[in-house]
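Down below is the structure, laid out as structure tokens.
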Amino acid sequence: MPVLTTTEIMDLIPNRYPIIYMDYVEEMVPDESIVAVKNVTINEQFFQGHFPGNPVMPGVLIIESLAQAASILILSSPQFKGKTAYMTGINDAKFKKMVVPGDVLKLHVTFGKVRENMGTVMVTAKVNDKVATSAELMFVVAPDEQN
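And the structure:
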């Protein structure tokens, strides 16, 4: 049973199709950690060109998926409610396993340091409990421009 559905996720973050890379949130400990899920299917637009005959999810989109999961965790915090989180940097990104159609990508995010409206999160994308990608992401939270 999801902690947050896709619809509830879209209430928190501004991303929409075709650039929302999240199906649901499986676990969340507010102000601490989150595990979100992306079911990778052959129908993804990026597989048309990356790569024909050998579909592999681009690493930059795995990082984007992790950033979206981080945004959910960040914007679920009462101090950041109704705002927008922006990624400001990526440290120590490692790509260890290819992600292909049929994979279930589990997106693990844990808060690092948070100071006022900025901070870091440690992120790991896993397939079958094996690390596909890991990094430290930096973020800043700003007022929502839509409001």
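If you're matching positions, the sequence shown starts at 1 in the numbering used here and goes up one per residue.
Here a beta-carbon is modelled for each residue, glycine too, at the ideal position from N, C-alpha and C.
Gly112 and Val141 have their C-alpha atoms some 15 Å from each other. Minimum Cα-Cα distance from Ala69 among the listed residues Leu107, Gly102, Phe51 corresponds to Leu107.
Nearest to Glu32 by alpha-carbon distance, out of Val56, Leu75, Gly49, is Leu75. Partner residues in the beta bridge of Val127, as assigned by DSSP, are Leu105, Lys130. Two segments are said to touch when three or more pairs of C-beta atoms, one from each, lie closer than 8 Å; by this definition the segment 95-102 does not touch the segment 13-27.
Residue state for Met98 is assigned as coil, using DSSP reduced to three classes.
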